[in-house]
Amino acid sequence: MEKPLTGRMRSDGEPVDLQEYERAGGYQAIQKALGRMTPKQVQEEVQRSNLRGRGGAGFGTGLKWSFVPIGPDAPRPKYVVCNADEMEPGTFKDRLLMERDPHQLIEGIILTSYAVEAEVAYLFLRGEYTLAEDTLARAISDAYRAGYWGRNIAGTGYNLDLYLHTSAGRYICGEETALLNALEGKRANPRAKPPFPPVVGLWGKPTVINNVETLCNVPHIIRNGADWFRALSRSPDGGTKLFGASGRVKRPGIWELPMGVTIREVIEEPAGGMQDGYALRGLQPGGASTDFLTTEHLDVALDFNSIAKVGSRLGTGTMIILDDRTCPVGMTLNLTHFFAQESCGWCTPCWAGLSWCEQILAAIEKGNGRSEDLGHLEFQTRFFGLGNTFCALAPGAAEPIQSALKYFRQDFQKHIDEKRCPWKG
Amino acid sequence: MLSAEEKAELDRELQQYPARQSACIDAMKIVQRHRRWLSDEALRDIGEYLGMSVADLDGVATFYNLLFRKPVGRHVVMICDSVTCWIMGYEKLRDTLMNRLGVSLGETTSDDRFTVLPIVCLGNCDKAPTLMVDRDTYGNVSPETVEEILARYK
């Protein structure tokens, strides 16, 4: 099976350096695209590949690019931002791509910049990823010395500046308009949309913001073509995907697999099944903000539409496993605590609703819950759902609460009836 | 006033941005590296250099997990309390750490050696539970191995 994203990675854990990357065909896509393709052709190839955003939302990458004004009358400068603010609890896939194969990401950023005729690209990295910071800083400077960014790239006349920005740790900075405010040195509250960043973004100029894994796919699509990319997948979404599992499985980790493998295949094969003495109770398929699924969903394919059909989201593709010895109420409380704490405080339904939900969940977990609390949780999570807030943080936070109430309702009820957490002695 | 060294480091970062305000996170991280935490005076110094009000800077500083507006010890231990680490034994590890150091979350040891803070998911979930000390990440940390880790920081 082909593994374009992770196939070059070294077994000793060191990053692939410039020479190794070039020997494996790296940076050839830059020669091909900048030398022989127009920006519009690069966009069309990516659009035809059905690459969907790997940050969680799954928006068509080529479609996103197509909203950027192109040509001599477009506002300048234009920007590309790599969203490397990986902070969704349970998600650790972009870390791997940056620590182990930094040039693949850099090539993806340069190609994306060319496709939208951007002059400046920023790599927005979360502050805690210090190893990725050191690895990327070295790779960016190696790529500059080799002429892959800067003035007159590869002799084609195209110019691009590429900068690494390290953030200081806040989940909301992964929301793309909050990220823009963070880069501008402002408190990182999300912006009202529309206008969307491809039209009005960084310093008011057109800006494309793509996730690390999304960008890493671009060089391979350009080098091998959209048809090749689509054929990697078992679903209509193109390509491979980094899938992961954490929790009480035998071998937690990240694996590159065809888009559309089933949940069961990931848990049983690379993850090795559950640890001895633990049984699978449920899972979040793609990070903390995705609805719980249960053992009845194990044969659902991991692609954007299949997961949506059963009421959850593919999200980041990194599963969090709930075992039978972990309290689902406690887990929902932990998740809600995270979202309440990381709410930026801008929209009332989010900051007030999430802290209220956290208090209710804490009371239930402690044995102080009342029967009407479950109704309050259902009401509140609808109240801060889609359409009532500037950004997707609160609607994302609602998903685990609502689905926990649906699938683990008897556990909530037991806490309330017995006035204690049944998982605690 | 920013020191000559702080200014030189900040000037390098300023080249990345079309507006001085954009470098304020970099500025606060640089000053924090030199002075350990961000006092009111530190914000005034940065504000003066970047042309920003202290109120705006404080709005940014208080937003982030890695910017400290209160004094911290020589080393900052950040222990992940997010979902996978919670499943894999965060509470036990936290209690061990607090007992060993004699502090609660948010406090600094009396010898000024460690400040212990909770942190959100460190993206190291296949090696949960996880913690960071300063710039270093440690995975699969157990109540037994945490002692060994702490011993590396004086």
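Going line by line, the protein sequences match chains A and B. Under the numbering used here, the first residue of the first sequence is numbered 27, with each subsequent residue one higher. Under the numbering used here, the first residue of the second sequence is numbered 9, with each subsequent residue one higher. Where a beta carbon is used, it is the ideal one built from N, C-alpha and C, also for glycine. Since we're looking at a predicted model, the values are computed, not measured.
Give the residues from the region 49 to 75 of chain B that approach chain A closer than 7 Å (Cβ to any Cβ), ordered along the chain. Listed in sequence order: G67, V68, F71, Y72, N73, L74 and L75.
Residue interval of the beta strand (DSSP E) (run including P448 (chain A)): Segment: none, P448 (chain A) is in no beta strand (DSSP E) and carries neither H nor E.
Run through the region 282 to 329 of chain A for me and flag every whole alpha helix (DSSP H) of 4 or more residues, listed as ranges in chain order. Runs found: 289 to 294.
Is the beta carbon of C129 (chain B) sitting closer than 8 Å to the one on G264 (chain A)? Cβ distance not < 8 Å, so C129 (chain B) and G264 (chain A) don't count as in contact.
DSSP three-state label for P426 (chain A), please. Reduced to three states, the DSSP call for P426 (chain A) is helix.
Chain B partners of A214 (chain A), CB-CB under 7 Å? Per Cβ cutoff of 7 Å: F71.
Quick one, are the C-beta atoms of E14 (chain B) and I38 (chain B) less than 8 Å apart? With respect to I38 (chain B), E14 (chain B) sits close: the two C-beta atoms are nearer than 8 Å.
Ordered list of alpha helix (DSSP H) runs contained in the region 329 to 393 of chain A, each at least 4 residues: With a minimum length of 4 residues, the continuous alpha helix (DSSP H) runs that stay inside the region 329 to 393 of chain A are 330 to 335, 354 to 368 and 374 to 392.
Where does V225 (chain A) fall in DSSP's three states? V225 (chain A): coil per DSSP, three-state reduction.
Just to confirm the assignment, what range does the alpha helix (DSSP H) spanning T32 (chain A) have? For T32 (chain A), no alpha helix (DSSP H) encloses it, and the DSSP letter there is neither H nor E.
Starting from M124 (chain A), trace the beta strand (DSSP E) in both directions and tell me its first and last residue. For M124 (chain A), there is no enclosing beta strand (DSSP E); the enclosing alpha helix (DSSP H) covers residues K119 to R126.
Shortest alpha-carbon distance to R435 (chain A) belongs to which of A:R102, A:E28 and A:S397? By alpha-carbon distance to R435 (chain A), the top candidate from A:R102, A:E28 and A:S397 is A:S397.
Per the DSSP calculation, N236 (chain A) is bridged to which residue(s)? DSSP, once it has assigned bridges, lists A:C108 as partnering N236 (chain A).
Hey, how far is the Cα of C447 (chain A) from the Cα of I386 (chain A)? Their backbone Cα atoms lie some 14 Å apart in a straight line.
The alpha helix (DSSP H) spanning A169 (chain A) covers which residue range? Where A169 (chain A) is concerned, the enclosing alpha helix (DSSP H) stretches over T156 to R171.
With N73 (chain B) and I127 (chain B) assumed to form a contact (beta carbons below 8 Å), what rounded beta-carbon distance in angstroms separates them? Going by Cβ atoms, the distance from N73 (chain B) to I127 (chain B) rounds to 6 Å, so yes, they are a contact pair.
In angstroms, rounded to a whole number, what distance separates the CA positions of G343 (chain A) and G82 (chain A)? Approximately 8 Å, taken between the alpha carbons.
I want to see whether chain A comes within less than 8 Å of S30 (chain B), judged by CB atoms only; does it? At least one chain A Cβ lies under 8 Å of S30 (chain B).
Close beta carbons around Y174 (chain A), own chain, < 8 Å, minus the five adjacent residues each side: So the qualifying residues of the chain are Y53, I56, I132, E133, I136 and A180.
Residue burial classification, K219 (chain A) (beta-carbon count within 10 angstroms, cutoff 16): Counting the other Cβ atoms within 10 Å of the Cβ of K219 (chain A) gives fewer than 16, which makes it exposed.
Within the same chain, show all residues whose beta-carbon is closer than 7 Å to that of I390 (chain A), passing over the 5 residues directly before and after it, in chain order. These residues qualify, in order along the chain: V355, D399, F438, H441 and I442.
What would DSSP say about M86 (chain B), mapped onto helix, strand or coil? Shown here, M86 (chain B) sits in a strand according to DSSP, grouped into three states.
T92 (chain B): first and last residue of the uninterrupted alpha helix (DSSP H) it sits in: Run containing T92 (chain B): V91 to I95, per the alpha helix (DSSP H) assignment.
Between the region 87 to 102 of chain A and the region 313 to 327 of chain A, do three or more beta carbon pairs fall short of 8 Å? Judged by pairs of C-beta atoms under 8 Å, the region 87 to 102 of chain A does not touch the region 313 to 327 of chain A, as fewer than three such pairs exist.
Going by DSSP, what residue range makes up the beta strand (DSSP E) through A147 (chain A)? Judged by DSSP secondary structure, A147 (chain A) falls within the beta strand (DSSP E) whose first and last residues are V146 to L151.
Examine chain B for any beta-carbon lying closer than 8 Å to the beta-carbon of I280 (chain A), and answer yes or no. It does: the Cβ of I280 (chain A) has a partner Cβ on chain B nearer than 8 Å.
At the 8 Å Cβ level, is I333 (chain A) part of the contact set with chain B, yes or no? Not one chain B Cβ lies under 8 Å of I333 (chain A).
Taking DSSP's pairing of strands, which residues face G413 (chain A) in a bridge? The partner list for G413 (chain A) (beta bridge, DSSP) is empty, contrary to what the question assumes.
Per-residue contacts from N132 (chain B) into chain A (C-beta, under 7 Å): Chain A residues near N132 (chain B): F118.
Since A305 (chain A) contacts D349 (chain A) with CB under 8 Å, what's their CB separation in whole angstroms? Between D349 (chain A) and A305 (chain A) the Cβ distance is about 7 Å, and since that is below 8 Å, they are a contact.
With the cut-off set at 8 Å, would you say T316 (chain A) and G341 (chain A) are in Cβ contact? In contact: T316 (chain A) and G341 (chain A) (Cβ atoms closer than 8 Å).
What did DSSP end up calling R249 (chain A) once you bin it into helix, strand or coil? Residue state, collapsed to three classes: helix.
For the candidate residues A:A147, A:A208 and A:L403, whose alpha-carbon lies nearest to that of S381 (chain A)? Proximity to S381 (chain A) across A:A147, A:A208 and A:L403 peaks at A:L403, based on C-alpha coordinates.
Do G200 (chain A) and M113 (chain A) have their beta-carbon atoms positioned less than 8 Å apart in this structure? Taking 8 Å as the Cβ cut-off, M113 (chain A) and G200 (chain A) qualify as a contacting pair.
Return the bridge partner residues of T116 (chain B) from the DSSP annotation. Beta-bridge pairing links T116 (chain B) to B:T123.
Sort out for me which residues DSSP pairs L58 (chain B) with in a bridge. DSSP output for L58 (chain B) lists no bridge partner at all.
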